[in-house]
Amino acid sequence: MSWLWTFLALAAIFFFLQTFSWKPHTKNRKILPPGPKGFPIFGCLHLLGKFPPRALHELAKIYRPIMHLRLGLMTTIVVSSPQAAEQFLKTHDLIFASRPPLQATKYISYQQKNFAMAPYGSYWRKIRKICTQNLLTNAKINYFQPIRKEELDLLIEYFKEAARARCVVDISAKLSAVSANMTCRMVLGKKRSDDEFDERGFETVIQEGFELVGKPNLGDYIPQIAGLDLQGLTKRLKAVAKVFDAFMEKIIDEHIQSRDENRTEDFVDWMLSFEGSEDTEKKIEREHIKAVVMDMLAGAIDTSPTVVEWALSELIKHPTVMKKLQRELENIVGLKRMVEESDLENLEYLDMVVKETLRLHPVTPLLVPRESMEDCTVNGFHIPRKSRVIINAWAIGRDPKAWNDPEKFFPERFFGSSVDVRGRDFQLLPFGSGRRGCPGIQLGLTVVKQVTAQLVHCFDWELPEGMLPTELDMTKEFGLVTPRAKHLLVVPSYRLST
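Per mature numbering (1 follows the signal peptide of the UniProt record, and there is no 0): the sequence shown = residues -21 to -1, 1 to 477.
Below you can see the structure in the form of structure tokens.
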């Protein structure tokens, strides 16, 4: 390992000379946003802690909502207020519409061939259009409504059996399973099957992928040592990517072989119809199709159940809010039937509960990083080309200038408010905003509201072994998506008269 220390020593000298060598002071000197200095080579990586959104939030209180810090060797801009977010996501949206290359996307997304992580350009625009038109329009969402209802009905039956037996249920695991089935049936045309993955199972592999994408990887910040894989993350990424690829190869082969059969077309069929298309800067080939289909699966499987999990956790922790939501459901739906998707537009308090959950528990607390495509000036600060921009949605949802008593779970704060989650109001950005905002907002909100409403309407929920609501552990597990650190275990009691 002596060569490694030699390399680090030389890199430190190079960094010192670049950073502290004499530079002429001129009136035209460009000023970066303020921020902590950090150490040579490693920069401010040590400041991220176990939960980076909180650590960056605390730093922003010291250094301003637009903060510069060097993570490893990478110039990074962290944005932590609604006003600052609007500058990057609206005023200068086009400049910051690209994505940086990351170790995780190198393996998980086939060298950034999926639409979530693809660099900005004609290929990305084409893929986004294909995904939106073939899966995410209101017409397609309505088309798949029977699938969602069928899977949700099965979930309710499972909880009814548990209620009769007074059993403790792992609601986190069941939510992940039903979300996986819904998504796989919409995208792949069939339910997921654990035996098609390795011994860990479908949802576990997907969750590990999210964990690895979200973990700070030294190779992303100090590219010169990426090949050393000092954290062992690349080894795990390669293993997960191998499982994903084998699964996607099987799915695509099955669809090609069954093309002439009389069956309903799904998203994979639609993607295969574009194979060989050359009307973009990249010819759409098999790897592109695998990347985009995997994107659609991963983008829906773990996000919606995580939001529902946090919504139920907050409702259980706040019994008066739970009762108020149940009263609304009783008034609108009654106790003789379950909630239908057509009821959702009339459930105003449910909408407030979901917004408040997304404020405190955004799906991705640090939005997927952006990369500046050219030099830019924002609020008088110089943002160099190739800077990485991180929008701290977790901090924005807790900004005391935007929210009264921001740490409190209080859905009523949205009563009479026009603030929405779709990216137009920059104090609430769970799905991002601008060109790189999440295109699956409508599908995600429909699933979250329907599942949350159904579980709250059909059941009372209590914690096991006499645990009080105030004792419920609300610790998060940091990753690209941030679920509960410990699964939510509860005992259901059936409420309806049917």
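Yeah, the Cβ is synthetic: ideal placement off N, Cα and C, and Gly gets one too.
Predicted model only: the values in this text are computed from it and were never measured.
Burial state of residue i, where buried means 16 or more other Cβ atoms lie within 10 Å
i	result
T5	Note that T5 has pLDDT 47, beneath the 50 cutoff, so the model's placement of it is unreliable and the number below is only indicative. By the neighbour-count rule (16 or more Cβ atoms within 10 Å), T5 is not buried but exposed.
N117	exposed
P44	buried
Q186	buried
W(-19)	At W(-19) the pLDDT is 44, less than 50, meaning the model places this residue with poor confidence; the figure from the coordinates comes in the next sentence. Answer is exposed; the Cβ neighbour count stays below 16.
S60	buried
D274	buried
G211	exposed
T336	buried
D199	buried
R127	buried
L134	buried
Three-way DSSP call (helix, strand, coil) for residue i in this model
i	result
T282	helix
E441	strand
D149	strand
H355	Correcting the residue identity first, residue 355 is Cys in this sequence and not His. Here C355 sits in strand by DSSP.
I263	coil
V368	strand
H234	helix
M446	coil
G413	helix
H47	strand
K315	coil
R164	helix
F223	helix
Y473	strand
M273	helix
K455	strand
M301	helix
S292	helix
T134	Looking at the sequence shown, residue 134 is not Thr but Leu. Residue state, collapsed to three classes: helix.
F393	helix
Contact under 9 Å by Cβ, residue i with residue j
i	j	result
N196	A381	no
R401	F410	yes
V426	V342	no
L52	I20	yes
R107	P348	no
L11	F360	yes
V469	L447	no
C437	L276	no
V147	F138	no
F223	G188	yes
P363	T70	no
T449	K455	no
T431	A220	no
V184	L81	no
P284	S155	yes
P344	F457	yes
Anticipated Cβ contact below 8 Å, residue i with residue j, distance rounded
i	j	result
P418	C110	7 Å
L451	K296	5 Å
F181	A159	6 Å
M317	Q433	6 Å
L323	Q429	6 Å
L408	I370	7 Å
L68	G376	15 Å between Cβ atoms; not a contact.
A95	G278	7 Å
Any non-hydrogen atom of the ligand GTP closer than 8 Å to residue i Cβ
i	result
G423	Because no ligand of any kind appears in the structure shown, any question about the ligand GTP cannot be addressed here.
Self-check item: Contact between the segment 84 to 91 and the segment 202 to 219 (3+ Cβ pairs under 8 Å)
Solution: yes
Self-check item: At least 3 beta-carbon pairs within less than 8 Å: the segment 372 to 391 vs the segment 73 to 80
Solution: no
Quiz item: Do the segment 302 to 317 and the segment 325 to 339 meet, that is, are 3 or more Cβ pairs less than 8 Å apart?
Solution: yes
Exercise. Please determine if the segment 118 to 137 and the segment 226 to 243 are in contact, where contact requires at least 3 C-beta pairs separated by less than 8 Å.
Key: no
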